[in-house]
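Numbering (my numbering), first residue to last: 3 to 265.
Every residue, glycine too, gets a C-beta built ideally from N, C-alpha and C.
The structure displayed is predicted, hence computed values, not measured ones.
Okay, so here's the structure we're looking at.
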């Protein structure tokens, strides 16, 4: 019996359509469980206590469908200028796709040389956008002996985040809230600059709240032992309050939240 090509075209169409649909569905399912990849660019304020690792652990502990996977480019005393001239961020952007790139400037540069900070923040943000990622500016905290410095940091980071249409992680503002609590947590190391584990835990909590739009999970037993006099609830509330206080333009939008942090 001869079968004409015309007679089998409808069946071929149905077969190809169903195959393509199944392939697309499998890809969508894979994307829904792919990790959220975050590149951290900074210095000791980022790598002391390994804030990125604490953040990643939070996402796993909360059983997020898309847990956080991080890479850190950080060295002591680094500024955005030094990272740019070293070329490490440019190489990292070429080597891998990132959902977010966190930019943490030298702690004193936003106060001492704002123009220099903005020059390299803009250069980096341009490259980040070309690669399809989103910039998060890491708003740091004032030195222990100079709390008035926080207002200048807030202004510097908020202005550049608004200008660039970037996100903002208000870690310094969360610190400010936590330091007003009773009992007062010990957020600083003895040098009055670098974070204790408690200070880094607040920072990780801010990033978690920003990315997922919710408070972090309860800390692990190992983390609880390191949180000194502060309770996790106090720290998490300070982080959540800081993120919620942001203008909507500086938060992860519901669309981005659904895309990057599906539960």
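Cutoff 6 Å; reference residue i; Cβ partners in own chain excluding five residues on either side
i	result
residue 217	238 and 242
residue 29	Unreliable positioning characterises residue 29 in this predicted model, as indicated by a pLDDT of 42, which lies under 50. A coordinate reading is not provided.
residue 225	none
residue 71	37 and 39
Local conformation of residue i per DSSP, three classes
i	result
residue 132	helix
residue 209	helix
residue 24	Annotation note: pLDDT 49 at residue 24 (below 50); position unreliable, no value reported.
residue 71	strand
residue 105	strand
residue 64	coil
residue 142	coil
residue 249	coil
residue 217	coil
residue 229	coil
residue 112	helix
residue 191	coil
residue 54	helix
residue 160	helix
residue 85	helix
residue 222	coil
residue 32	With a pLDDT of 47 at residue 32, under the threshold of 50, the modelled position of that residue is not reliable, and no figure is offered here.
residue 59	helix
residue 100	coil
residue 117	helix
residue 150	coil
Other residues of its chain near residue i: CB distance less than 8 Å, five sequence neighbours each side excluded
i	result
residue 83	118, 121 and 122
residue 208	171, 172, 173, 176, 241, 244 and 245
residue 86	92, 122, 125 and 126
residue 196	46, 47, 50 and 190
Residue j beta carbon less than 7 Å from that of residue i
i	j	result
residue 158	residue 116	yes
residue 204	residue 180	yes
residue 78	residue 46	yes
residue 138	residue 169	yes
residue 2	residue 173	Because residue 2 is not part of the residues shown, which for the chain are 3 to 265, the question remains open.
residue 131	residue 95	no
Which listed residue (the options) has its alpha carbon closest to that of residue i
i	options	result
residue 199	71, 208, 188 and 64	188
residue 192	223, 146 and 204	146
residue 69	38, 48 and 177	38
residue 190	154, 149 and 250	149
residue 177	240, 86, 96 and 154	240
residue 105	163, 55, 58 and 51	163
residue 250	215, 229, 223 and 236	215
residue 108	166, 133 and 141	141
residue 129	156, 154 and 90	90
residue 156	196, 113, 167 and 195	113
residue 51	153, 201, 167 and 152	201
residue 44	76, 97, 88 and 227	76
residue 166	71, 227, 56 and 252	252
residue 160	234, 248 and 235	248
Own chain partners of residue i with C-beta closer than 7 Å, once the 5 adjacent residues on each side are dropped
i	result
residue 135	100, 101, 102 and 103
residue 24	Low confidence applies to residue 24: its pLDDT is 49, below 50, so where it sits in the model is not reliable, and the reading given next is rough at best. No residues qualify anywhere along the chain.
residue 60	206, 210, 218 and 219
residue 74	42, 48, 49 and 54
residue 63	219 and 222
residue 151	113, 144 and 145
Per DSSP, cross-strand counterpart(s) of residue i
i	result
residue 44	76
residue 39	71
residue 197	190
residue 169	138
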